[in-house]
């Protein structure tokens with residue numbers, strides 16, 4: 001059985017606004033087949049053409065064990081305010097917040113989502129104790145008033161729900177009992193960090209996409225089976241790691257930053273570099289970021305989507321626009337240079353890697369005398385390659401209430417929780433390692449409160465494919 005694992009192939013699929021690309025790769029990292037098709041307005045048409053090409057007779061791709069999809073399709077819908085569901089946003093707390101949900105969003109996004117807010121008294125204190133028990137009657141009365149509006153997507157955000165999610169969980173149960181199981185419910189503690197508004201915004205965007213992704217992928221499994229593919233389906237998430245199919249349907253917001261992370265990981269494989277600056281040039285934009293120890297550098301704070309603060313694990317990327325005629329003048333080169341400098345360390349500059357389908361037009365003109373500038377041969381396929389090599393991650397981002405003498409023990413507990421989360425997502429236990437640990441005291445809380453962020457990474461367990 002151990003030897004058979006190496007004959008299982010991976011199909012990595014990159015869906016951007018212009019092109020859908022499929023890459024079949026073996027366990028040694030060799031590319032066996034490439035297929036491309038124009039991306040259509042819907043999600044499946046271009047994907048269907050790629051799958052038909054890859055599974056055509058004579059392609060020797062019958063032993064594909066995993067299909068891994070990376071896409072900015074849903075991110076683009078959020079940015080444009082298209083095909084989003086109406087959302088009821090429920091705040092659980094004992095103090096009213098004067099800042100409305102999605103504050104700062106454009107008019108088009110506000111109109112597309114049409115957030116209906118509701119304040120339900122409840123929530124928890126910073127130590128996890130209940131402040132006020134929420135009343136089902138209050139929720140039931142409110143839901144009755146909006147029944148005619150046909151809202152079936154809900155976002156729940158509770159005060160300090162990362163410390164204690166009990167009230168978010170009970171409110172979800174009540175919503176399903178009152179509205180029915182056909183509704184979708186997003187709970188903020190499943191998505192974000194300690195910022196209330198950031199968690200709320202993330203939950204609202206996720207709720208707005210929850211019906212959209214179900215409609216978009218409807219028929220995907222049948223499509224695969226019709227073409228002889230009986231593989232497990234994964235998406236890649238914002239940090240470039242694997243997201244199980246069912247998890248992606250629950251949390252589509254986690255896919256929104258995946259394409260650029262896939263690109264960075266693909267560039268790492270093609271160049272053999274674990275630390276470098278990446279310049280990804282595609283049809284509509286230039287994205288600049290960095291790799292740290294083989295993984296995309298994450299943005300630590302001030303994360304935004306569609307101009308709105310969110311609490312998501314996202315790659316730290318500087319984005320520059322591209323002219324419609326895709327010409328690159330001295331001003332464009334200068335802007336790219338300054339963006340690169342943001343990611344360069346003060347001493348010993350990192351190598352720079354140009355990738356993306358537009359990189360061949362600008363790489364020859366770019367000069368950087370302080371380090372190597374590279375342009376790998378498979379530059380236009382990096383995002384699909386990155387999807388092919390995606391690993392499994394588990395993360396913890398939580399407030400812990402601890403005494404100083406228990407601090408080290410608590411950190412070890414958080415590490416184990418991240419490792420367990422990676423294994424639960426399908427990582428082989430023997431391959432999981434802790435990639436990053438961040439420990440921060442919470443400034444506005446007593447000294448017993450600390451925020452611990454841990455990420456664990458592992459390789460997909462082949463037993464998961466059986």
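In the UniProt record's numbering, the protein residues as written are 1 to 466.
Idealized CB from N, CA, C, for every residue including glycine.
With respect to the beta strand (DSSP E) encompassing residue i, which residues constitute its N-terminal and C-terminal limits?
i: residue 490; result: The first residue shown for the chain is 1 and the last is 466, placing residue 490 beyond what the model contains.
i: residue 280; result: 276-281
i: residue 114; result: Unbroken run through residue 114: none, as it is neither H nor E.
i: residue 82; result: That residue, residue 82, is in no beta strand (DSSP E); it is neither H nor E in DSSP.
i: residue 438; result: 433-441
i: residue 232; result: 232-236
i: residue 389; result: Run containing residue 389: none; DSSP gives neither H nor E here.
i: residue 366; result: Neither: residue 366 is in no beta strand (DSSP E) and is coded neither H nor E.
Which first and last residues belong to the alpha helix (DSSP H) in which residue i is found?
i: residue 458; result: Here residue 458 belongs to no alpha helix (DSSP H); instead the beta strand (DSSP E) covers 449-458.
i: residue 215; result: 196-216
i: residue 286; result: Counting along the chain, residue 286 falls outside any alpha helix (DSSP H), though it belongs to the beta strand (DSSP E) covering 285-292.
i: residue 415; result: 407-424
i: residue 245; result: 245-250
i: residue 155; result: Per DSSP, residue 155 belongs to no alpha helix (DSSP H); it is in the beta strand (DSSP E), 153-158.
i: residue 174; result: 166-179
i: residue 223; result: 220-226
i: residue 337; result: 330-343
i: residue 268; result: 258-271
i: residue 52; result: 44-54
Count the other CB atoms, across all protein chains shown, that sit within 10 Å of the CB of residue i; report buried if there are 16 or more and exposed otherwise.
i: residue 457; result: buried
i: residue 240; result: buried
i: residue 203; result: buried
i: residue 397; result: buried
i: residue 225; result: exposed
i: residue 230; result: exposed
i: residue 208; result: buried
i: residue 145; result: exposed
i: residue 429; result: exposed
i: residue 45; result: exposed
i: residue 180; result: exposed
Can you tell which of the options has the C-alpha that lies nearest to the C-alpha of residue i?
i: residue 40; options: 50, 32, 34; result: 50
i: residue 14; options: 173, 245, 231, 236; result: 236
i: residue 256; options: 69, 459, 35; result: 69
i: residue 137; options: 130, 128, 121; result: 121
i: residue 265; options: 154, 208, 234, 385; result: 385
i: residue 378; options: 26, 31, 184, 16; result: 31
i: residue 453; options: 193, 56, 382, 42; result: 193
i: residue 131; options: 163, 263, 274, 66; result: 163
i: residue 439; options: 433, 431, 448; result: 448
i: residue 455; options: 401, 415, 428; result: 415
i: residue 268; options: 293, 281, 42, 252; result: 293
i: residue 335; options: 367, 357, 348; result: 367
i: residue 410; options: 394, 395, 450; result: 450
i: residue 149; options: 115, 301, 177; result: 115
i: residue 187; options: 258, 168, 179, 221; result: 168
i: residue 217; options: 48, 403, 401, 437; result: 48
i: residue 89; options: 95, 156, 83, 113; result: 156
Spatial neighbours of residue i within its chain, please: C-beta separation below 7 Å, excluding the five flanking residues on both sides.
i: residue 305; result: 78, 205, 256
i: residue 287; result: 260, 280, 317, 319
i: residue 6; result: Any answer about residue 6 is weak, because its pLDDT of 42 lies below 50 and its placement is not dependable; what the coordinates show is given next. Here the set comprises 27.
i: residue 139; result: 120, 171, 174
i: residue 1; result: For residue 1, the pLDDT reaches just 29, beneath the cut-off of 50, and the residue's location in the model is therefore unreliable, although a value from the coordinates is still provided. Hits under 7 Å: none found.
i: residue 33; result: 24, 54, 59, 61
i: residue 73; result: 15, 43
i: residue 219; result: 44
Apart from the five residues just before and just after residue i, which ones in its own chain have a Cβ nearer than 6 Å to its Cβ?
i: residue 277; result: 290, 340, 343, 350, 352
i: residue 35; result: 22, 50, 53, 54
i: residue 382; result: 263, 266, 267, 355
i: residue 4; result: Its pLDDT being 34, under 50, residue 4 is placed unreliably in this model, and the value from its coordinates should be taken loosely. Nothing listed; no residue qualifies.
i: residue 485; result: Because the chain spans 1 through 466 in this model, residue 485 falls outside it and cannot be assessed.
i: residue 142; result: 118
i: residue 195; result: 311
i: residue 359; result: 281, 379
i: residue 283; result: 18
Using 8 Å as the limit for Cβ to Cβ distance, is residue i near chain D?
i: residue 187; result: No chain D appears in this structure, which consists of one protein chain only.
Based on the DSSP output, what are the partners of residue i in its beta bridges?
i: residue 14; result: 21, 70
i: residue 305; result: 308
i: residue 35; result: 22
i: residue 295; result: 292
i: residue 187; result: 156
i: residue 91; result: 119, 157
Looking only at its chain, what residues have a beta carbon closer than 8 Å to the beta carbon of residue i, apart from the 5 residues adjacent to it on each side?
i: residue 297; result: 289, 290, 291, 315, 316, 343
i: residue 376; result: 267, 270, 271, 353, 355, 382
i: residue 426; result: 242, 244, 392, 460, 461, 464
i: residue 103; result: 197, 308
i: residue 20; result: 13, 14, 36, 37, 38, 39, 46, 47, 49, 50
i: residue 211; result: 85, 152, 153, 184
Within 7 Å: the Cβ of residue i and any heavy atom of the ligand MG?
i: residue 359; result: For the ligand MG, the structure offers nothing, since it holds no ligand at all.
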